[in-house]
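Contents: one structure, followed by commentary.
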Amino acid sequence: MAPPPIKHKALLNVDLGEGYGNYVCGPDLELLPLIDHANVACGFHAGDPLIMQETVRNCKKHNIKVGAHPGLPDIQGFGRREIKLSPEELTAITVYQVGALKGFLDQEGVPLHHVKPHGILYGMMCRDYEIAKAVMEGIPKGVPVFGLAGTNMEKAANDLGIPFWAEMYGDVKYSNDGMLVIDRKKKPWNLEDVRKHVSQQLNSQSVTATDGSVVQLPVKDYPISICCHSDSPGCLGIIKTTKEVIDEFNKEHGRI
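Using our numbering, read the sequence shown as starting at 1237 and increasing by one per residue.
Dropping the structure here:
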């Protein structure tokens, strides 16, 4: 028997501030009215001081809760190429990036809501407990981490006493082991497929993997935030569709 629908109100998070200098990545201003949480790039995979400052200010105007989005030091590869770092380095780059964003948040009087690792670092944390633990040791005390339930991200967060939010994904596919399929470059989605993908995750805590098998998502009683990406082709349509499904789910189940 499939699990019941998730128990908490579903929310929506999107990665923002992922441009660099004169380069723009994603229609951030158009996305702000649609989302609940913003994961703001902190300069290592994307973002720069002016973009971080502007993104924080725009989030404040729209009452969006802001999280840090630390990644590996790889602007050329957008943080989607694996780099081997020591545990000490992983902790330090997390402290560095979260601290940079927190400086801008403090300037605007906005609290740091969460930390959500970026790209391949997120995938490495799912697979490797020591990497997950090292990164999380760089997160300020009491600040939640967004991650993939049933992986080493959840285990490390629980072991370190870090509040954990379980993520689902509107524009990322899953493999048959419940892991995310992280593409170097995002591929387009059919919006009806997005609708089915999100609805299945919310209503049955499961997902259809790339091989056609159905995988259960062990989100338990954690708070839920569904992630979409501002660099996906057609991201505005994807995020609007995801929000529609979320709103329908919350209304149907009284999660207002």
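The beta-carbon is built from N, C-alpha and C at its ideal position, and this holds for glycine as well. This one's a predicted model, so the numbers in the text were calculated from it and none came from an experiment.
Going by C-alpha to C-alpha distance, which of the options sits closest to residue i?
| i | options | result |
| --- | --- | --- |
| ASP1364 | HIS1354, LEU1341, ALA1392 | ALA1392 |
| GLY1378 | LEU1438, VAL1351, GLU1428 | VAL1351 |
| PHE1382 | VAL1250, ARG1491, CYS1295 | VAL1250 |
| ILE1242 | TRP1401, LYS1421, LEU1416 | TRP1401 |
| CYS1464 | ILE1482, PRO1239, GLN1441, LYS1456 | ILE1482 |
| GLY1255 | LEU1267, GLY1279, PRO1469, HIS1244 | GLY1279 |
In this structure, how does DSSP classify residue i when only helix, strand and coil are distinguished?
| i | result |
| --- | --- |
| VAL1481 | helix |
| VAL1434 | helix |
| ASP1302 | Per the sequence shown, residue 1302 should be read as Val rather than Asp. Strand, per DSSP. |
| ASP1342 | helix |
| TYR1405 | strand |
| ASN1275 | strand |
| GLY1383 | strand |
| THR1446 | coil |
| ILE1462 | strand |
Got a sec, what are the start and stop residues for the beta strand (DSSP E) residue i sits in?
| i | result |
| --- | --- |
| MET1415 | Careful: MET1415 lies outside any beta strand (DSSP E) and carries neither H nor E. |
| ASP1251 | 1246-1252 |
| VAL1351 | 1348-1351 |
Measure the C-alpha to C-alpha separation of residue i and residue j and round it to an integer number of angstroms.
| i | j | result |
| --- | --- | --- |
| GLY1315 | ILE1329 | 13 Å |
| VAL1434 | THR1444 | 11 Å |
| SER1449 | GLU1290 | 43 Å |
| CYS1471 | LYS1479 | 12 Å |
| ASN1275 | GLU1366 | 23 Å |
| LEU1341 | ALA1304 | 10 Å |
Does the distance from the C-beta atom of residue i to that of residue j stay below 8 Å?
| i | j | result |
| --- | --- | --- |
| GLU1403 | LEU1427 | no |
| GLY1386 | GLY1414 | yes |
| HIS1349 | HIS1273 | yes |
| MET1361 | LEU1396 | no |
| ILE1356 | LEU1308 | yes |
| LEU1270 | ILE1492 | no |
Which stretch, first to last residue, makes up the alpha helix (DSSP H) that contains residue i?
| i | result |
| --- | --- |
| THR1291 | 1285-1297 |
| CYS1261 | Counting along the chain, CYS1261 falls outside any alpha helix (DSSP H), and DSSP gives it neither H nor E. |
| VAL1450 | That residue, VAL1450, is in no alpha helix (DSSP H); its beta strand (DSSP E) goes 1450-1452. |
Less than 8 Å between CB atoms is the rule here; does residue i satisfy it with respect to chain B?
| i | result |
| --- | --- |
| GLY1339 | Looking for chain B here will not work: only one protein chain is present. |
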